[in-house]
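Residue numbers (my numbering), protein chains in the order written: chain A, 28 to 219; chain B, 275 to 547; chain C, 783 to 999. Don't be surprised by glycine CBs; every beta carbon is placed ideally from N, CA and C. Since the structure comes first, as structure tokens, the remarks are kept for the end.
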Amino acid sequence: MIRCTDLSIVLNHKKLLHIENITFEEGIVHIIQGENGCGKSSLFRCMTGWSSPDSGSCVMLGSWVYQPQQFHLFAPKVLDNFLDAELAKQMLVSLKAESIINQSVKRLSGGERQKVALVRTLCTDADVYLLDEPTSYMDESSRLLAYQLIKERLLSLGKTVLMISHESVMDPFDCGKVYLFKDSKLNIINTW
Amino acid sequence: MKKLFIGIIVSLMLLSGCKSENEQPKTLRLTTTTSVNDSGLLEYLRPYILEEANINLEIVSLGSGAALEAGKRGDADVLLVHSPAAEKTFVDEGYGIKRSTFMYNFFVIVGPSGDPVQIKDLSAADAFKKIESAKSPFISRGDKSGTHSKEKAIWKLAGLDAEVVSADTSFYVSAGSGMGATLTMASEKQAYTLTDLATFLSMKDKLSLKVIVSESPDLKNDYSIIVINPDKVANVDVETAKAFERWMLSEKALKLIAEYGKETYGETLFFTE
Amino acid sequence: MKEIIDIILTSLQVSLSSTTIAAIFAVPLGLFLGLSKSRMALRLRPVFSSLAGLPPVLAGITIFLLLSNAGPLGSFRLLYSKTAIITAQVLIVFPLIVASVYPLVLPIKAVFLETCFGLNIPKKQQIRFLISELRYGLLAAVLLGFGRAMAEVGAVMMVGGNIRYKTRVMTTAIVLETNQGNYSTALYLGIALLLISFSVNWLVHSLFKEVSHDPLY
Numbered sequence: 028m029i030r031c032t033d034l035s036i037v038l039n040h041k042k043l044l045h046i047e048n049i050t051f052e053e054g055i056v057h058i059i060q061g062e063n064g065c066g067k068s069s070l071f072r073c074m075t076g077w078s079s080p081d082s083g084s085c086v087m088l089g090s091w092v093y094q095p096q097q098f099h100l101f102a103p104k105v106l107d108n109f110l111d112a113e114l115a116k117q118m119l120v121s122l123k124a125e126s127i128i129n130q131s132v133k134r135l136s137g138g139e140r141q142k143v144a145l146v147r148t149l150c151t152d153a154d155v156y157l158l159d160e161p162t163s164y165m166d167e168s169s170r171l172l173a174y175q176l177i178k179e180r181l182l183s184l185g186k187t188v189l190m191i192s193h194e195s196v197m198d199p200f201d202c203g204k205v206y207l208f209k210d211s212k213l214n215i216i217n218t219w
Numbered sequence: 275m276k277k278l279f280i281g282i283i284v285s286l287m288l289l290s291g292c293k294s295e296n297e298q299p300k301t302l303r304l305t306t307t308t309s310v311n312d313s314g315l316l317e318y319l320r321p322y323i324l325e326e327a328n329i330n331l332e333i334v335s336l337g338s339g340a341a342l343e344a345g346k347r348g349d350a351d352v353l354l355v356h357s358p359a360a361e362k363t364f365v366d367e368g369y370g371i372k373r374s375t376f377m378y379n380f381f382v383i384v385g386p387s388g389d390p391v392q393i394k395d396l397s398a399a400d401a402f403k404k405i406e407s408a409k410s411p412f413i414s415r416g417d418k419s420g421t422h423s424k425e426k427a428i429w430k431l432a433g434l435d436a437e438v439v440s441a442d443t444s445f446y447v448s449a450g451s452g453m454g455a456t457l458t459m460a461s462e463k464q465a466y467t468l469t470d471l472a473t474f475l476s477m478k479d480k481l482s483l484k485v486i487v488s489e490s491p492d493l494k495n496d497y498s499i500i501v502i503n504p505d506k507v508a509n510v511d512v513e514t515a516k517a518f519e520r521w522m523l524s525e526k527a528l529k530l531i532a533e534y535g536k537e538t539y540g541e542t543l544f545f546t547e
Numbered sequence: 783m784k785e786i787i788d789i790i791l792t793s794l795q796v797s798l799s800s801t802t803i804a805a806i807f808a809v810p811l812g813l814f815l816g817l818s819k820s821r822m823a824l825r826l827r828p829v830f831s832s833l834a835g836l837p838p839v840l841a842g843i844t845i846f847l848l849l850s851n852a853g854p855l856g857s858f859r860l861l862y863s864k865t866a867i868i869t870a871q872v873l874i875v876f877p878l879i880v881a882s883v884y885p886l887v888l889p890i891k892a893v894f895l896e897t898c899f900g901l902n903i904p905k906k907q908q909i910r911f912l913i914s915e916l917r918y919g920l921l922a923a924v925l926l927g928f929g930r931a932m933a934e935v936g937a938v939m940m941v942g943g944n945i946r947y948k949t950r951v952m953t954t955a956i957v958l959e960t961n962q963g964n965y966s967t968a969l970y971l972g973i974a975l976l977l978i979s980f981s982v983n984w985l986v987h988s989l990f991k992e993v994s995h996d997p998l999y
């Protein structure tokens with residue numbers, strides 16, 4: 028369970044966002060949308076405790092994993108990023124990217140980097156997964172494969188997923204909620 | 275204030291006017307050993323040389339080995355050095371016209387004030403023998419300088435092979451440094467060393483060393499002037515070099531040299547015949 | 783010839799020791815200064831950068847005064863020993879390595895730390911990842927220090943004393959041979975020194991080339 032109460036973040040003396048009360052239910056996907064710079068990433072940082080809100084609080088029960096928008100891949104090899112190489116390989120196969128497993132990370136394209144990062148995140152066991160634009164550089168078909176993987180590996184096991192995305196991706200998932208940031212408020216715009 | 279300023283300018287103009295009336299002084303490239311240079315003798319003589327011989331000295335100070343090498347390469351017009359054996363070879367090989375030995379002084383053996391192996395009142399050769407047999411620490415310049423050649427000559431006088439002695443690291447330290455650094459090392463290690471008196475006196479206050487052996491005839495140190503031979507070495511100013519040599523051997527110069535040091539150190543640093 | 787080889791070996795022995803000792807402390811400190819957000823770290827960074835550019839003779843005179851008979855550590859009788867040279871070189875090389883290490887961390891720091899935080903990676907593991915990540919840069923920093931140690935003259939002359947068979951290293955031997963007018967020996971030693979520093983620099987250069995290919999940097 029994740030609950031934000033009276034949460035506000037101020038940036039450059041301007042109120043970036045204010046959330047009076049919101050609870051993210053367990054076991055489904057929550058897709059968060061909004062314009063650039065509206066505070067989506069800041070919200071994730073406050074939820075995890077990477078940065079602290081200017082007022083209010085955010086409570087997250089259970090373990091979590093967080094993949095920031097700007098992430099780091101451990102060098103030199105793709106393989107260096109995985110503790111469980113077998114599991115990672117299976118996931119890369121389902122992303123049709125198994126050939127990159129032995130490559131050097133510096134040779135990867137933006138989309139390939141995101142695949143490695145996503146697999147690395149999914150390999151880590153937790154109750155809640157916070158993914159900040161995990162598929163933004165991927166091509167259309169890879170993106171669908173990635174959503175499929177998230178569904179299989181997380182949602183079907185009852186995990187909770189919070190995902191920032193610029194697309195309304197409802198089709199790949201059975202049920203979830205779409206939120207929109209507008210005028211520093213977070214509103215549910217779709218439930219299915 | 276303004277008047278003073280104008281006065282200075284006018285007098286400067288007058289001075290420079292005076293100078294141009296005279297013949298422009300000749301520049302002479304003199305290479306000498308560090309010990310001579312450090313003694314300050316040449317700076318003391320410089321105004322007299324400029325006045326009377328109309329020579330402007332350009333002094334470079336190097337170890338004796340390098341000084342002779344500079345002579346061979348034509349980097350000097352005249353040398354003022356103190357390693358008789360090496361000088362003799364230098365002149366015999368034709369690089370110098372002749373050696374004029376014109377002054378001398380004495381090396382001294384300095385050491386810890388307690389004189390641990392009791393070499394006081396011995397000759398230098400006997401003192402060296404005693405230091406060697408007691409394996410009492412001894413610092414050598416080890417840089418082929420005039421002082422270093424003198425040291426080797428004394429080992430020979432003592433009936434020892436300088437090469438063998440210098441390889442005995444149990445007591446012999448080859449510093450490979452100038453006199454100042456060697457004296458500092460001797461003081462730090464409380465060891466004996468051979469030094470010229472002038473350098474020692476100039477550093478005495480900073481060292482915990484004392485003169486132990488000083489008036490032994492085998493410590494005599496001869497200084498010579500060598501004019502470079504223009505037939506063997508190109509581009510040297512032999513005329514000015516000869517004029518310098520003539521002046522240095524003049525009675526007036528010898529008298530000035532013999533007086534040098536009395537005021538500052540209360541001791542004569544160089545003797546003339 | 784044997785003596786020349788001994789001198790070269792002494793040089794290598796002394797400089798390798800000092801670089802190793804300096805690196806053992808300087809690399810972790812550099813990494814810490816790069817990663818830390820504390821005010822002290824922010825203040826120390828420019829201090830080390832300036833220390834890296836300080837004239838080495840200052841290190842020489844400091845060690846000389848400490849180790850000299852009249853100095854506080856005089857009773858250990860360490861002046862004019864290899865230990866004295868190593869100590870002076872450590873003092874010269876240490877800030878140089880620190881000042882070359884912390885800038886390696888800065889460009890990847892924010893993203894690296896947030897990623898590790900997000901994946902719940904323990905501190906120890908983070909450091910291991912960081913070292914393996916920066917290993918070329920770290921090695922290059924250490925080699926830079928080694929090059930500086932090998933090339934040092936003034937400080938080594940002051941505290942080592944250029945003693946034959948003991949503390950004579952390549953640079954001080956070159957000075958001595960030049961002062962004696964033995965230009966050919968000086969030149970041979972100079973060439974040997976050049977070859978050593980050339981190989982070190984070539985190594986540094988090729989490592990940096992490796993690093994700069996990486997879009998992460």
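Beta carbon proximity, D351 (chain B) to chain C, threshold 9 Å
Under the 9 Å criterion on CB atoms, D351 (chain B) is classed as non-interfacial with respect to chain C.
Just to check my reading of the structure: Q96 (chain A) and T148 (chain A) have Cβ atoms closer than 8 Å, yes? What is that Cβ distance to the nearest angstrom?
With a Cβ gap of about 12 Å, Q96 (chain A) and T148 (chain A) do not count as contacting.
Euclidean distance between Cα positions of M190 (chain A) and S169 (chain A):
17 Å
Helix, strand or coil, according to DSSP, for M477 (chain B) in the structure here?
Helix.
Name the DSSP bridge partner or partners of G370 (chain B)?
B:I502
For Y965 (chain C), which three-state DSSP category applies?
In this structure, Y965 (chain C) counts as helix in the three-state DSSP scheme.
Which class does M118 (chain A) belong to by DSSP, given the choice of helix, strand or coil?
Here M118 (chain A) carries a helix assignment [DSSP, helix/strand/coil].
DSSP three-state call for M939 (chain C): helix, strand or coil?
helix
Assuming V382 (chain B) and S488 (chain B) make a contact with CB atoms under 8 Å, what is their CB distance in whole Å?
4 Å
Rounded distance between the beta-carbons of V941 (chain C) and I867 (chain C), thought under 8 Å
6 Å
Can you tell me which residues form a DSSP beta bridge with F876 (chain C)?
Its beta-bridge partners do not exist; DSSP assigns none.
Thinking C-alpha only, which one of A:L100, A:V56, A:S79 and A:D81 is nearest S192 (chain A)?
A:V56
Identify the contact partners of T897 (chain C) in chain A, using a Cβ-Cβ distance below 7 Å as the criterion.
P95, F98 and H99
Taking any Cβ of chain E, which residues in the segment 403-430 of chain B have a Cβ under 7 Å from it, in chain order?
Given the protein chain composition of this structure (A, B and C), no chain E is represented.
If we define contact as Cβ-Cβ less than 9 Å, is G900 (chain C) a contact residue for chain A?
Proximity of G900 (chain C) to chain A, defined by a Cβ-Cβ separation below 9 Å, is satisfied.
Taking the continuous beta strand (DSSP E) assigned at F51 (chain A), which residues delimit it?
K41 to F51
Alpha carbon to alpha carbon, how far is T375 (chain B) from E547 (chain B)? Give it in angstroms, no decimals.
9 Å
7 Å CB neighbourhood of G842 (chain C) in its chain, flanking five on each side removed
Once the five neighbours on either side are set aside, the close Cβ partners of G842 (chain C) are A870, G936, A937, M940 and V941.
I'd like to know if V501 (chain B) contacts chain C, where contact means its C-beta is closer than 9 Å to some C-beta of that chain.
Output row for V501 (chain B): interface = no.
Does any residue of chain C bring its CB to less than 9 Å from the CB of S84 (chain A)?
no
Give the interface partners of V334 (chain B) over in chain C, defined as CB-CB distance under 9 Å, in chain order.
Per Cβ cutoff of 9 Å: no residues; V334 (chain B) is ~12 Å from chain C at best.
Put Q94 (chain A) into one of helix, strand or coil per three-state DSSP.
In the structure shown, Q94 (chain A) sits in a strand (DSSP, three-state: E or B).
Interface partners of N944 (chain C) on chain B, CB under 7 Å:
A449, G450 and S451
Cβ pair V352 (chain B), S338 (chain B) closer than 9 Å
no
Taking the beta carbon of H987 (chain C) as the centre, do at least 16 other beta carbons fall within 10 Å, making it buried, or is it exposed?
exposed
Under 8 Å between beta-carbons, which chain C residues line up against K300 (chain B)? List them in chain order, please.
None at all; the shortest Cβ gap to chain C is about 26 Å.
I believe S410 (chain B) touches A449 (chain B) by the beta-carbon criterion, under 8 Å. Please report the beta-carbon distance rounded to the nearest angstrom.
In fact, because the Cβ distance is near 16 Å, the residues do not count as touching under 8 Å.
Expressed to the nearest angstrom, what Euclidean distance is found between the alpha-carbon atoms of K424 (chain B) and K403 (chain B)?
15 Å
When the Cα of L457 (chain B) is compared with those of B:F445, B:D496, B:T473 and B:A398, which residue comes out closest?
Of B:F445, B:D496, B:T473 and B:A398, the residue nearest in Cα terms is B:T473.
What does a CB cutoff of less than 6 Å around E139 (chain A) pick up in its chain, not counting 5 residues either side in sequence?
I127
Using only the heavy atoms of the ligand NAD, determine whether one of them is closer than 8 Å to the beta carbon of K403 (chain B).
Questions concerning the ligand NAD fall outside what the structure shown contains, since it holds no ligand whatsoever.
Would you identify the three-state DSSP class for M783 (chain C), choosing helix, strand or coil?
coil
I'd like to know whether the C-beta of K293 (chain B) is nearer than 9 Å to at least one C-beta of chain C.
Annotation note: pLDDT 46 at K293 (chain B) (below 50); position unreliable, no value reported.
Name, please, each residue of chain A whose Cβ falls closer than 7 Å to the Cβ of I913 (chain C).
Near I913 (chain C) there are no residues of chain A at all, since even the closest Cβ is about 11 Å away, more than 7 Å.
Taking all protein chains shown into account, do 16 or more other C-beta atoms lie within 10 angstroms of the C-beta of G385 (chain B), making it buried, or fewer, making it exposed?
buried
Terminal residues of the continuous beta strand (DSSP E) containing T307 (chain B)?
K300 to T307
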